[in-house]
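Visitor: For the sequence shown, position 273 matches number 273 in UniProt numbering, and the numbering has no gaps at all.
Think of the CB as a built atom: it goes at the ideal place given N, C-alpha and C, for glycine as much as any other residue.
Note that this is a predicted model, so its numbers are computed, not measured.
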Amino acid sequence: MYHSLLVNSRFNTTRYKLCCLLVITSVYVLWWGWIRSFPMALTSDDALNFSRGVVRFSVLEFRPHFPGYPAFIGFARLAAVWVDTTIAPIWVSLLSAMMIPVLVARLVLLLSGSWTAATFGCLLALGQPLLASIALSGLSDSAAIMLFLMALIAAMQQKNGWVGLWLGLMLATRPSYMPLAFAMLLVPYLGDRTGSTIRAYLQASVVIAVIGVSCLLFIWAHDGAAYFEEGRRFTLGHFSIWGNTAEGNTNSLHQWYVSLNKGFGWAGIGCAALSLFCAMYSGLSSKFGLRVNHSASHGIKQKLALIAAIAGMYWLWVTVGQNPDNLRHWAPVLFLFLVVFSVQLALLAHGDTANEWLINPAYICAVGAVLYCFTLGYQTYSSVQRQAPIQQAIVWIKAHPQVNIVGTNYSVNLLRDQLASYSIYDMYYPSSKWALRAAAKQAPKSAWRLSGTRLDQQTLVTQFLPRFIGERRLFLYQISQ
Numbered sequence: 001m002y003h004s005l006l007v008n009s010r011f012n013t014t015r016y017k018l019c020c021l022l023v024i025t026s027v028y029v030l031w032w033g034w035i036r037s038f039p040m041a042l043t044s045d046d047a048l049n050f051s052r053g054v055v056r057f058s059v060l061e062f063r064p065h066f067p068g069y070p071a072f073i074g075f076a077r078l079a080a081v082w083v084d085t086t087i088a089p090i091w092v093s094l095l096s097a098m099m100i101p102v103l104v105a106r107l108v109l110l111l112s113g114s115w116t117a118a119t120f121g122c123l124l125a126l127g128q129p130l131l132a133s134i135a136l137s138g139l140s141d142s143a144a145i146m147l148f149l150m151a152l153i154a155a156m157q158q159k160n161g162w163v164g165l166w167l168g169l170m171l172a173t174r175p176s177y178m179p180l181a182f183a184m185l186l187v188p189y190l191g192d193r194t195g196s197t198i199r200a201y202l203q204a205s206v207v208i209a210v211i212g213v214s215c216l217l218f219i220w221a222h223d224g225a226a227y228f229e230e231g232r233r234f235t236l237g238h239f240s241i242w243g244n245t246a247e248g249n250t251n252s253l254h255q256w257y258v259s260l261n262k263g264f265g266w267a268g269i270g271c272a273a274l275s276l277f278c279a280m281y282s283g284l285s286s287k288f289g290l291r292v293n294h295s296a297s298h299g300i301k302q303k304l305a306l307i308a309a310i311a312g313m314y315w316l317w318v319t320v321g322q323n324p325d326n327l328r329h330w331a332p333v334l335f336l337f338l339v340v341f342s343v344q345l346a347l348l349a350h351g352d353t354a355n356e357w358l359i360n361p362a363y364i365c366a367v368g369a370v371l372y373c374f375t376l377g378y379q380t381y382s383s384v385q386r387q388a389p390i391q392q393a394i395v396w397i398k399a400h401p402q403v404n405i406v407g408t409n410y411s412v413n414l415l416r417d418q419l420a421s422y423s424i425y426d427m428y429y430p431s432s433k434w435a436l437r438a439a440a441k442q443a444p445k446s447a448w449r450l451s452g453t454r455l456d457q458q459t460l461v462t463q464f465l466p467r468f469i470g471e472r473r474l475f476l477y478q479i480s481q
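(1) I need the boundaries of the alpha helix (DSSP H) containing residue 483, first residue and last residue.
(2) For W315, which beta-bridge partners are listed by DSSP?
(3) L171 to Q158, Cα distance in whole Å?
(4) Look up W82 in the DSSP assignment and say whether it is helix, strand or coil.
(5) Nearest to A447 by alpha carbon, out of Y428, T453, D456 and I424?
(6) Do L152 and L109 come within 8 Å of each other at the CB atom, strictly closer than that value?
(7) With DSSP as the reference, label F75 as helix, strand or coil.
(8) What does Q478 pair with, by DSSP beta-bridge criteria?
(9) Measure the Cβ-Cβ separation of L348 and S297 and say whether it is below 8 Å.
(10) Just verifying my parser: in three-state terms, what is the DSSP assignment at R454?
(11) Taking DSSP's pairing of strands, which residues face S423 in a bridge?
(12) In its own chain, which residues sit with a C-beta less than 8 Å from the C-beta of G377, not counting the 5 before and 5 after it?
(13) How is S112 classed by DSSP in three states: helix, strand or coil?
(14) Leaving aside the five residues before and after M156 along the sequence, list all residues of the same chain whose C-beta is less than 6 Å from its C-beta, in chain order.
(15) Using 10 angstroms around the beta-carbon of L306, count the other beta-carbons present and answer buried if the total reaches 16, otherwise exposed.
(16) Using DSSP's beta-bridge definition, name the partner residues of F464.
(17) Apart from the five residues on each side of it in sequence, which residues of its chain come closer than 6 Å, Cβ to Cβ, to C215?
(18) Tell me which residues share the same chain as L167 and place their Cβ nearer than 6 Å to its Cβ, disregarding the 5 neighbours each side in the sequence.
(19) Determine the direct distance from the alpha carbon of S26 to that of F464, and round the result to whole angstroms.
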């Protein structure tokens, strides 16, 4: 157990703890009222796949897509006991997202012992527009992040069996978080453990293996050996064709910079990178004897360095292995950074240099962070738009009877599902472009093009604006003759 920074502080009294809990609860009530003002509707093809998987599971039929996400489907089926099966995955995403700020606060409290820092971290996490985006996505991101934070908390408490349980469920919920599981190998090796490192690895690995084998048997019972062939096809396609990763698109590194800069600003990204680097340098340098540190916060800094290293490793993986068009892939880095940043402020507030300043520098940084997050999120929280861009497009198309044919490179299957009486063409295929032009010649104003990017030499009719960062603006064009 770590030394508390505030053992004898007036900020650690029962009354102060109750005040912190009251503040968190009040903000949660406001956030819940705000988030429930948005409709529970499918927002992408992947969300549609999960919704179909609740009814019948088959990776070969994209119910859902590879690798199957069996734990997330299990959570959604459990939610479907109380809600409609179509929106059951959205409810899982929403409830999981609600847990993330609480877990951030718990992790900060474990590391620093400061209720002020824990409350600050919770409120910062709750105020992130990206949290709202993954909450309403109907995808597995928020559930997997929740499980990972629970695994990290269990690791800090040296509860190896629970670490294995949460990591196993995380991998079964979102297998692309495998780099996070590998990064967790650093915790027993670099952490200040009281027991055997090998025993810690074995205890966690056994539980992970049991969950993994159970999930594989579940998938095998539905799809058999053909599942592995689908896995090979899907993996090759993700990295070389449609995934927009660094392997298939040499420009994706620049696209990641553009996406992060657009979502969080250069100052926010720079602050995150600097915070994680400082945490890693401070903790690891003392761990390996590069710098002597006998302060009471020595153990805290080592744990902080571990979390920063995990965030840095995953950031590297996201940069080379994930699509920069989907900012939700960066969410684990965001919430780990908030943990690191909150603990760093607690250390700064009670460090030796704090007494040398007229105003505590930690308070200045905290106010600056709140103002910066408010500035970034103001457009989201003040927006009157409640529907996702693709749902806005569906409503618009239904309201204009002259539209008969729509070509799109975005949410093709969702449009086909919700616009069953329309002809929906997938613009990935060249034949779709010819079909749209032929339809425009036969019946002017009947052929339309919905795109996630701006198109030249087309007549732009309207745009469908995103509600949060991480959602894509859509453009609707009329195909000219």
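Guide: On the basis of the coordinates in this document:
(1) Past the edges of the chain, shown from 1 to 481, lies residue 483, and the structure says nothing about it.
(2) According to DSSP, residue pairing for W315 in a beta bridge does not occur.
(3) One alpha carbon belongs to L171, the other to Q158, and they sit about 20 Å apart.
(4) The answer is coil: DSSP assigns W82 none of H, G, I, E or B.
(5) Across the set Y428, T453, D456 and I424, the C-alpha of I424 shows the shortest separation from the C-alpha of A447.
(6) No, these two residues do not count as a Cβ contact at 8 Å.
(7) In the structure shown, F75 sits in a helix (DSSP, three-state: H, G or I).
(8) Per DSSP, W448 and T459.
(9) Between L348 and S297, the C-beta gap is not smaller than 8 Å, which leaves the two residues out of contact.
(10) Coil at R454, not helix or strand.
(11) DSSP, once it has assigned bridges, lists I405 as partnering S423.
(12) Once the five neighbours on either side are set aside, the close Cβ partners of G377 are G127, Q128 and P129.
(13) Shown here, S112 sits in a helix according to DSSP, grouped into three states.
(14) Within its own chain, the residues whose Cβ lies closer than 6 Å to the Cβ of M156, once the five positions on either side in sequence are excluded, are L110, listed in chain order.
(15) Buried, because 16 or more other Cβ atoms sit within 10 Å of the Cβ of L306.
(16) According to DSSP, which records beta bridges pairwise, F464 is partnered with L474.
(17) Close CB contacts of C215 within its chain, under the 6 Å cut and outside five residues either way in sequence, are with P70 and A172 (chain order).
(18) Its chain contains A151, A181 and I208 as the residues whose beta carbon lies nearer than 6 Å to that of L167, once the 5 sequence neighbours on both sides are disregarded; these appear in chain order.
(19) When rounded, the separation of the alpha-carbon atoms in F464 and S26 is 33 Å.
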